[in-house]
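Residue numbers (the working numbering), protein chains in the order written: chain X, 1378 to 1597; chain D, 209 to 413.
Cβ coordinates follow ideal geometry from the N, Cα and C atoms, glycine included.
Data first, discussion second: the structure below is written as structure tokens.
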Amino acid sequence: MENPSFLKNSNLGQAWLVILLSLIFGVSLAGVEITLGPRIEENKIRETMEKVPVVILGHDRAEKIKASGEHLDIQTKTIRTGPKKRAKFYTVYQAFFNDQTLAGLVVKASAQGYADKIELLLGIDNSIKKVTGIFILDQKETPGLGNKIVERDWLDQFSGRPFTAMPFVVVKEESDAAGEIDAVSGATISSRSVTGIVNNTIHQLKDELVLLKQKKEKRD
Amino acid sequence: MADQPTPLERFIQGILPENPVYRQLLGLCPTLAVTNNMKSAVTMACSVAFVLLCANIVTSLIRTLLKPHLRIVIFTLTIATFVTIADRVLAAYLYQMSKALGPYIPLIIVNCLIICRCEVCASRQSVFTASCDALGQALGFGLALSSIAAVREILGTGMFFNYQVLPAAWPDWVIMVLPPGAFITLGLLLGLVNFFEIKKAGKKQ
């Protein structure tokens, strides 16, 4: 080291490597973010958009439409509900067939589950009278018990339920009434959380959605 | 000073004789947290391998410039950079996996296995030696992770890499995929490794 001693003992002489490395790493991370950022954003949106037709039309019809090369035209809207100070925002996806008739609506909703937040997509039919389907986007429920809420077999029991049977209640025995949902065995709280999200979302948004639909029809 | 091990010896030592999990008990957070199925264990092992290799190479390249009291800062800086890269790449190309692993990928930054290798080996050895060391340790870490994940996934769900391997009649031991299962499996496997180690040492005498 031939450095003059004043340089060696100054703060800069001590820390130049840290500063230089920070700069290099910072620039390379910015590069990574610029290259991959859009792709990551796209992943998030794609996951939702892919599920919208499935939630509205059910698995079989969504597959058929996809196979025929057609696709639903999806428009995104944010709806605000509740009192001004504690307003809640919902993202609503309106799906249209190619002839511009409304196929149905999908609402993204979330609430606390047993372990962490549960986020789901709730499909509503085009007359805003019944549930068409549910898809769980994100959950961290207990593996082996609570995480069974993501299974189609369980979620399918919501499909076709009319709003007149609301609020839906979770029962531990065999359900028979229109408003009764079978609990996942060993995961009553997770089941109740999902059902609660469905109840609350419909309760808060039903009128807004009807309004949205009427506005759209008037415009046409 | 004792003889330095050759690069090849360092590579082999990392796999079993100095296995990071079973012999050094390092990097236990991911070992316990993401070993409830093979897929996430393998993804985690690959991410750690990438970070460890890159961090060791960079540290080795700048080893003559390091100031002793600033070295930990530089190690952490290097590791954090590569962890962020790994995290972004996973989010871009393996989105579901990155969602499943959640915070555990960013947490590789504080994995003491990597900082330990930077300190013990990479800051003193050539790039080639440091790379061999990193590869050996990463392989050992991957081996440990997948052995625990294999036991937990098979007993807990009857599956291996999401393929059914046990007959459907198998009553899934749910506890194995829950956190207690991680501690139980790690404890038992550690005991097993120690048992064989003692047996081997006894034979030599």
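Residue from the options with nearest C-alpha to residue i
| i | options | result |
| --- | --- | --- |
| X/Asn1576 | X/Leu1588, X/Asp1553, X/Val1547, X/Lys1592 | X/Val1547 |
| X/Leu1389 | D/Leu236, D/Glu226, D/Ile265, D/Lys275 | D/Lys275 |
| D/Ile392 | D/Lys408, D/Leu240, D/Tyr371 | D/Leu240 |
| X/Lys1507 | X/Leu1497, X/Met1543, X/Lys1462, X/Ala1472 | X/Met1543 |
| X/Val1599 | X/Asp1553, X/Gln1489, X/Leu1582 | Because chain X spans 1378 through 1597 in this model, residue 1599 of chain X falls outside it and cannot be assessed. |
| X/Ser1487 | X/Asn1475, X/Glu1594, X/Thr1455, X/Gln1516 | X/Gln1516 |
| D/Tyr301 | D/Thr251, D/Val385, D/Ile317 | D/Thr251 |
| X/Ala1554 | X/Glu1496, X/Phe1402, X/Lys1465, X/Pro1539 | X/Pro1539 |
| X/Gly1523 | X/Leu1499, X/Gly1510, X/Lys1549, X/Ala1560 | X/Ala1560 |
| X/Glu1410 | D/Val229, D/Thr286, D/Asp295 | D/Asp295 |
| X/Ala1464 | X/Thr1519, X/Glu1594, X/Gln1581, X/Trp1531 | X/Gln1581 |
| X/Ser1562 | X/Arg1529, X/Asp1493, X/Gly1521 | X/Gly1521 |
| D/Gly350 | D/Asn244, D/Phe404, D/Ile223, D/Phe369 | D/Ile223 |
| D/Ile317 | D/Met246, D/Gly235, D/Val266, D/Cys329 | D/Gly235 |
| X/Gly1537 | X/Asp1493, X/Gly1481, X/Glu1550, X/Glu1551 | X/Gly1481 |
| D/Val401 | D/Leu273, D/Ala352, D/Pro311 | D/Ala352 |
| X/Thr1458 | X/Ala1439, X/Pro1415, X/Lys1593, X/Leu1589 | X/Leu1589 |
| X/Asn1420 | D/Val259, D/Ser306, D/Gly389 | D/Ser306 |
| X/Glu1518 | X/Thr1541, X/Arg1569, X/Lys1454, X/Gly1408 | X/Arg1569 |
| X/Ile1392 | D/Thr289, D/Ile287, D/Leu273, D/Val229 | First, the amino acid is wrong: residue 1392 of chain X is Ala here, not Ile. For X/Ala1392, the nearest C-alpha among the options comes from D/Leu273. |
| D/Cys329 | D/Val266, D/His277, D/Val229 | D/Val266 |
| X/Leu1413 | D/Ile220, D/Ile293, D/Val242 | D/Ile293 |
| D/His277 | D/Asn370, D/Thr214, D/Glu327, D/Pro387 | D/Glu327 |
| X/Arg1529 | X/Asp1437, X/Lys1592, X/Pro1415, X/Asp1584 | X/Asp1437 |
| X/Glu1594 | X/Phe1402, X/Gln1477, X/Ser1387 | X/Gln1477 |
| X/Lys1485 | X/Ser1387, X/His1448, X/Thr1453, X/Glu1557 | X/Thr1453 |
| D/Pro213 | D/Ala257, D/Leu261, D/Thr337 | D/Thr337 |
| D/Pro225 | D/Lys411, D/Gly410, D/Asn370, D/Glu405 | D/Glu405 |
| D/Ala257 | D/Leu233, D/Arg279, D/Tyr303, D/Ile313 | D/Ile313 |
| X/Met1403 | D/Ala288, D/Ala390, D/Leu397 | The identity of residue 1403 of chain X in the sequence shown is Gly, whereas the question assumes Met. X/Gly1403 has its Cα closest to that of D/Ala288, out of D/Ala288, D/Ala390, D/Leu397. |
Identified DSSP bridge partners for residue i
| i | result |
| --- | --- |
| X/Ser1473 | Looking at the sequence itself, residue 1473 of chain X is Phe, so the reference to Ser does not match. Looking at the DSSP assignment, X/Phe1473 forms a beta bridge with X/Asp1450, X/Leu1479. |
| X/Ser1614 | Residue 1614 of chain X cannot be examined here, being either before or after the span of chain X that is shown, 1378 to 1597. |
| X/Ala1564 | X/Val1561 |
| X/Asp1515 | X/Glu1496 |
| D/Gln372 | D/Met367 |
| X/Gly1510 | X/Gly1500 |
| X/Thr1455 | X/Thr1468 |
| X/Pro1539 | X/Lys1507 |
| X/Val1546 | X/Glu1557 |
Beta-carbon spacing of residue i, residue j below 8 angstroms
| i | j | result |
| --- | --- | --- |
| D/Asn227 | D/Arg325 | no |
| D/Ser334 | D/Ser255 | no |
| D/Ile356 | D/Leu394 | yes |
| X/Ala1483 | X/Ile1433 | In the sequence on display, residue 1483 of chain X carries Val and not Ala. Yes. |
| X/Val1395 | D/Ile282 | yes |
| D/Leu216 | D/Cys320 | no |
| X/Ala1472 | X/Ile1501 | no |
| X/Ile1513 | X/Ala1564 | no |
| X/Phe1535 | X/Ile1511 | yes |
| D/Val309 | D/Ser354 | In the sequence on display, residue 309 of chain D carries Leu and not Val. Contact flag unset, no. |
| D/Leu285 | X/Ser1405 | no |
| X/Ser1567 | X/Tyr1491 | yes |
| D/Gly344 | D/Arg231 | no |
| D/Arg271 | D/Arg360 | no |
| D/Gly366 | D/Gln372 | yes |
| D/Cys237 | D/Leu315 | yes |
| X/Val1431 | X/Tyr1470 | no |
| D/Phe368 | D/Ala358 | yes |
| D/Arg259 | D/Phe290 | Note that residue 259 of chain D is Val in the sequence shown here, rather than Arg. Cβ atoms of D/Val259 and D/Phe290: closer than 8 angstroms. |
Nearest-angstrom beta carbon gap, residue j and residue i [assumed within contact, 8 angstroms]
| i | j | result |
| --- | --- | --- |
| X/Ile1505 | X/Val1587 | 5 angstroms |
| X/Thr1425 | X/Leu1498 | 7 angstroms |
| D/Asn244 | D/Val385 | 4 angstroms |
| D/Ala342 | X/Ile1417 | In fact, because the Cβ distance is near 27 angstroms, the residues do not count as touching under 8 angstroms. |
| X/Ile1574 | X/Ile1495 | 7 angstroms |
Original post:
Mind pulling the alpha helix (DSSP H) runs of 4 or more residues that sit fully within the stretch 271-306 of chain D?
Top reply: 279-301
Subject >> Whole alpha helix (DSSP H) elements within the stretch 312-344 of chain D, 4-residue minimum >> reply: 320-325
Subject >> Whole runs of the alpha helix (DSSP H) within the stretch 210-237 of chain D, excluding any shorter than 4 residues >> reply: 215-223
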